[in-house]
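Numbering of the sequence shown is given in my numbering, commencing with residue 8 and proceeding in unit increments. Where is the CB? At the ideal position from N, CA and C, for every residue including glycine. From a predicted model like this one, the values you see are computed outputs, not experimental measurements.
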Amino acid sequence: MTKQLFFREARRHPYWNAVSEMDWNDWHWQLRNRVTTPEQLQEILGLSDAETQEVRESLSKLRMAITPYYLSQIDADEQNCAIKLQAIPTRAELHVAAGEQEDPLHEDVDCPVPGLEGIMTHRYPDRLIIYTTYQCGMYCRHCTRRRYAGETDEPTPLDKIKQAVDYIRRTPQIRDVLVSGGDPFILSTERLDEILSLIRSVEHVEVIRIGTRTPVVLPMRITGELCETLRKYAPVWINTHFNHPKEMTDAAAAACIRLADAGMPLGNQTVLLRGVNNHAGVMKQLMHLLVANRIRPYYIYQCDLSQGIDHFRTRISEGVEIMENLRGHTSGYAIPQLVIDGVGGGGKVPYGPNYLLSSGTGRSVFRNYEGMVFSYAEPEGYESREPENAELYAVPASEPIGVAGLLADPASKTIIPQGLARLKRRKATESGIC
8 MTKQLFFREA RRHPYWNAVS EMDWNDWHWQ LRNRVTTPEQ LQEILGLSDA ETQEVRESLS
68 KLRMAITPYY LSQIDADEQN CAIKLQAIPT RAELHVAAGE QEDPLHEDVD CPVPGLEGIM
128 THRYPDRLII YTTYQCGMYC RHCTRRRYAG ETDEPTPLDK IKQAVDYIRR TPQIRDVLVS
188 GGDPFILSTE RLDEILSLIR SVEHVEVIRI GTRTPVVLPM RITGELCETL RKYAPVWINT
248 HFNHPKEMTD AAAAACIRLA DAGMPLGNQT VLLRGVNNHA GVMKQLMHLL VANRIRPYYI
308 YQCDLSQGID HFRTRISEGV EIMENLRGHT SGYAIPQLVI DGVGGGGKVP YGPNYLLSSG
368 TGRSVFRNYE GMVFSYAEPE GYESREPENA ELYAVPASEP IGVAGLLADP ASKTIIPQGL
428 ARLKRRKATE SGIC
């Protein structure tokens, strides 16, 4: 018998005790009955008038919508409950800190088709994002796409999706398409079926990925019908978004296991959030719960520079410390990659503890998680050998960029940053200005 491990049983707040089991486990009912007003929140959680006013003021920046299921998991006796912090607005969201931007990752700027800004992002050479809706089951207070999130409960118009797929069809290097939002699983199964069918009709698309938080905030959405629809378009990879061990209830675990049993490889993207999970013990327990439920930890994200979430951001050193407490202290498959998404569309950059201490002729020096230092002797008389039929695996000359491009092309010597001050000075001298 498969062992199913979960953190705790899912709760139901007494406010909804009269709701039938059939309704409670109906994802449509959960969406229709989301808590969206400060007055509802006050009635259910017993907020003070001052707390209710704080929620009311903060809603000018990002709407509130919390499923009855997720709200029920809040520990009312904890002032800083991790679930409460992610779900309930605070006045801190009104503060825009230095360096924060509306679109810090340049997702709109990196749209190659005029008129599809906010619908599609093409940043990396072989993969692309399509935003199918900006509706979510719950609007997380740390949302990086808060410039769009919750503006409308309507899906992205199908003609816009078709335009994005036409671009994919014209761009043969795209082999991986990420279906994102918002939350794609908030769409009807019929609409999702139509979108996946369009993408899968492109011959050079090898993999479809879907990013979703529904197993966390709306686990009843993961129905047999949805799983059967996803199965038709395999390989479909699913990335969930668990941020804290409390979110792994028996209901959430069961939703993930349904997806896994339907053949979906599952990953998890966690955002490092101050007061929620910026603690090595919390993060380690979360990683263990994920792998016990067949979810591979994929990323831990440094919180983005989106406007109004400065109070969630942590120091870079805290992420490094967490990784120091994972590597060697738990199974390798339970260790995600720690990344920061580069401002201005720089993409994901990994960082973490340094294990390579030094490298010299014929020998490199490393340290391990215990602090043990050891050397590795490189092979004597080393000559590089290419594989048999190396031409079958050659990377097209047009593809390598950055450091990979320098390594691939012996004639390429330098990468010169745009706007380099030294070169500007040279140009000024050459033109006789200086």
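- Counted as a single uninterrupted DSSP element, the beta strand (DSSP E) harbouring S366 occupies residues L363 to G367.
- In chain order, T59 place their CB closer than 8 angstroms to the CB of E46, counting only its own chain and leaving out the 5 sequence neighbours on each side.
- Taking 4 residues as the minimum length, the alpha helix (DSSP H) runs contained wholly in the region 381 to 415 are 409 to 415, in order along the chain.
- In its chain, beyond the 5 residues on either side, S79 have a beta carbon closer than 6 angstroms to the beta carbon of R19.
- Around the C-beta of Y146, 16 or more other C-beta atoms lie within 10 Å, and the residue is accordingly described as buried.
- Assignment of beta strand (DSSP E) within the region 184 to 265, counting only whole runs of 3 or more residues, yields 214 to 218 and 243 to 247 in chain order.
- Classified as buried, F249 has 16 or more neighbouring CB atoms from the shown chains inside 10 Å of its CB.
- Between Q86 and D133, the beta carbon gap of about 46 angstroms keeps them out of contact (Cβ cut-off 8 angstroms).
- When C-alpha distances from R374 are compared across Y383, G367 and L363, the shortest belongs to L363.
- Taking C-beta atoms as the reference points, T74 and L225 count as a pair closer than 7 angstroms.
- Annotation for R176: the continuous alpha helix (DSSP H) segment containing it runs L165 to R176.
- D33 sits in coil when the DSSP states are folded into three classes, being neither helix nor strand.
- With a cutoff of 7 angstroms on beta-carbon distance, A262 and I229 are scored as near each other.
- Contact between T277 and Y240 does not hold, since their C-beta atoms are separated by about 26 angstroms, which reaches or exceeds 8 angstroms.
- Less than 7 angstroms separates the beta-carbon of A287 from that of N332.
- Looking only at E395, G369 and R392, the smallest Cα-Cα distance to Y383 is reached by G369.
- Annotation: the continuous beta strand (DSSP E) that includes T277 extends over L273 to L279.
- With respect to the 7 angstroms criterion, W34 and M227 are classified as neighbours on the basis of their beta carbons.
- When rounded, the separation of the alpha-carbon atoms in Q425 and G353 is 13 angstroms.
- Take the alpha-carbon of V214 and the one of L185: they are about 9 angstroms apart.
- For Y138, DSSP records a beta bridge to S187.
- Separation of D173 and R152 (C-alpha to C-alpha, rounded to the nearest whole angstrom) is 25 angstroms.
- Nearest neighbour of R281 by Cα position, chosen from A104, L92 and I137, turns out to be L92.
- R177 is the residue among T97, R177, D166 and G53 whose C-alpha sits nearest the C-alpha of L135.
- A Cβ-Cβ separation of about 6 angstroms places Q314 in contact with E109 under the 8 angstroms criterion.
- Burial of L345 is indicated by the presence of at least 16 other C-beta atoms within 10 angstroms of its C-beta.
- In the three-state reduction of the DSSP assignment, S55 falls in the coil class.
- Put simply, of C150, G378, V327 and M379 the residue whose alpha carbon is nearest the alpha carbon of P357 is V327.
- Inclusion of L296 and N275 in the CB contact set at 7 angstroms is not warranted, their separation being larger than that value.
- By the C-beta density criterion, T159 is exposed, having fewer than 16 other C-beta atoms within 10 angstroms.
- For the pair L266 and A156, the Cα-to-Cα distance works out to about 25 angstroms.
- The beta carbon of R39 sits closer than 6 angstroms to no other beta carbon from its chain once the five residues preceding and following it are set aside.
- Taking every protein chain shown into account, the CB of K253 has 16 or more other CB atoms within 10 angstroms, so this residue is buried.
- Bridge partners of D110 according to DSSP: none are assigned.
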